[in-house]
Every structure is written in C-alpha cells, then in structure tokens.
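J.: The structure follows.
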Amino acid sequence: MSPRTTGRVPGSPEEWMSHAASDLRLAHLAAGDESIRREQVCFHAQQAAEKAIKALLLSRSIEFPLTHDIEELLEIAESSGISLPADVREAGLLNPYAVESRYPGYWFEITEADLAEAMQSAERTLAWAAAEIESLRKPES
0 MSPRTTGRVP GSPEEWMSHA ASDLRLAHLA AGDESIRREQ VCFHAQQAAE KAIKALLLSR
60 SIEFPLTHDI EELLEIAESS GISLPADVRE AGLLNPYAVE SRYPGYWFEI TEADLAEAMQ
120 SAERTLAWAA AEIESLRKPE S
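Spelled out as structure tokens, the structure:
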C-alpha cells in the first residue's frame with residue numbers, strides 16, 4: 000500500500016490508541032532525560048497525536064490515506080462530521096516533527112517551549128480522540 004492509498008488499515012481503534020498512548024508515554028519519559036534529543040521527544044508526541052486521530056477515524060469506519068500529515072487527517076475527520084475543538088486543530092503544529100526532525104541537519108532548534116507545546120498538543124489530541132471513541136460506545140439515552 001503506497002502512502003497515498005486509502006483502504007483497509009490493519010488493527011483496531013483500541014490497538015491504535017494503545018500505540019498512541021505508548022508513544023506519548025515514551026515522549027514523557029524521554030522529555031526528562033537530557034541525553035535524548037528534543038527532536039526525538041517531539042517525534043513521539045507527533046506520533047501519539049497521529050495515531051490517536053487514526054484510531055478515531057477507524058472507530059467511525061472512515062477511510063484515510065497512510066500519511067503522517069495531521070492537518071490532512073483532521074480535515075478528513077471534520078469533513079466526515081467530526082467536530083474539532085480549537086485546541087485539537089492546533090495539532091497540525093506537530094507535522095514538522097513527523098519526518099524532518101528525525102534526521103541530522105534539521106532546520107531549526109527545538110526549544111523547551113516548543114517541546115512543551117508539542118507535548119501539550121499531543122496530550123489534548125489523545126484525550127479528545129479517546130473521549131470521541133468512548134462516546135460511540137455509550138448508548139444514547
């Protein structure tokens with residue numbers, strides 16, 4: 000399957016959320032370790048948010064391309080009728096950490112403030128996705 004192909008994605012929403020939570024936990028553990036580069040911490044924050052959004056899309060049987068582009072995934076969610084809180088829309092700020100930041104020669108220094116912003120964005124996105132997925136499980140009264 001090429002990165003732009005849509006179709007069946009392996010795994011369940013629960014598995015994707017588990018992977019998202021694991022990435023966020025790795026980011027938290029790494030954030031406190033000065034021997035780990037901020038780029039890697041932000042990469043795991045980005046991965047956490049990306050996987051959480053994909054989990055939500057899967058939970059609603061919404062097809063999506065295999066992409067790291069959080070903004071694109073959020074556009075798909077919104078165009079499919081999923082309401083996006085303003086703070087979740089900001090998760091697109093994590094996009095540069097998906098690929099570019101993983102390699103030497105990255106084009107800007109990631110500051111402590113950048114790292115904190117990335118972590119907070121990932122946390123908000125996971126919490127939102129988890130709540131949205133849970134709302135599907137609850138019968139309407």
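Per my numbering, the very first residue in the sequence shown carries number 0; after that it's consecutive. Cβ coordinates follow ideal geometry from the N, Cα and C atoms, glycine included.
#1: Give me the Cα-Cα distance between E74 and E49, rounded to the nearest whole angstrom.
#2: Using a Cβ-Cβ cut-off of 8 Å (strictly less than) and excluding sequence neighbours within five positions of L135, which residues of its own chain qualify?
#3: In chain order, what residues of the same chain lie with their CB nearer than 7 Å to the CB of R123, ignoring the 5 residues before and after it?
#4: Going by C-alpha to C-alpha distance, which of E133, I61 and A97 sits closest to R37?
#5: Contact between the region 60–73 and the region 19–35 is defined here as three or more beta-carbon pairs at a separation below 8 Å; is this criterion met?
#6: Out of curiosity, what's the CA-to-CA distance linking A76 and F42?
#7: Measure the CB-CB distance between A128 and A20 and report whether it falls below 8 Å.
#8: Compare the Cα-Cα distances from E116 to each of S34, V40 and E33 and report the closest residue.
#9: Just mark E131 as buried or exposed, buried being the case when its beta carbon has 16 or more other beta carbons within 10 Å.
#10: Rounded to whole angstroms, what is the Cα-Cα separation between H67 and N94?
T.: Walking through what the data contain:
#1: For this step, residue 74 is matched to residue 75 along the sequence shown. For this step, residue 49 is matched to residue 50 along the sequence shown. Computed Cα separation, rounded: 13 Å.
#2: Within the sequence shown, residue 135 is the residue found at index 136, counting from 1. So the list reads S58 and R59, once near-sequence residues are dropped.
#3: The residue you call residue 123 lines up with position 124 of the sequence shown. Closer than 7 Å at Cβ, skipping near neighbours: D86 and V87.
#4: Within the sequence shown, residue 37 is the residue found at index 38, counting from 1. Ranking E133, I61 and A97 by Cα distance to R37 puts A97 first.
#5: no
#6: Taking the sequence shown and counting its residues from 1, the one referred to as residue 76 is at position 77. Taking the sequence shown and counting its residues from 1, the one referred to as residue 42 is at position 43. Cα to Cα, A76 sits roughly 22 Å from F42.
#7: Translated into the one-based positions of the sequence shown, residue 128 becomes position 129. Translated into the one-based positions of the sequence shown, residue 20 becomes position 21. Not in contact: A128 and A20 (Cβ atoms no closer than 8 Å).
#8: Position 117 of the sequence shown, counted from the first residue, corresponds to residue 116. Answer by Cα proximity: V40.
#9: Numbered from its first residue, the sequence shown carries residue 131 at position 132. When all chains shown are included, E131 counts as buried.
#10: The residue given as residue 67 occupies position 68 in the sequence shown. The residue given as residue 94 occupies position 95 in the sequence shown. H67 and N94: Cα-Cα distance of roughly 7 Å.
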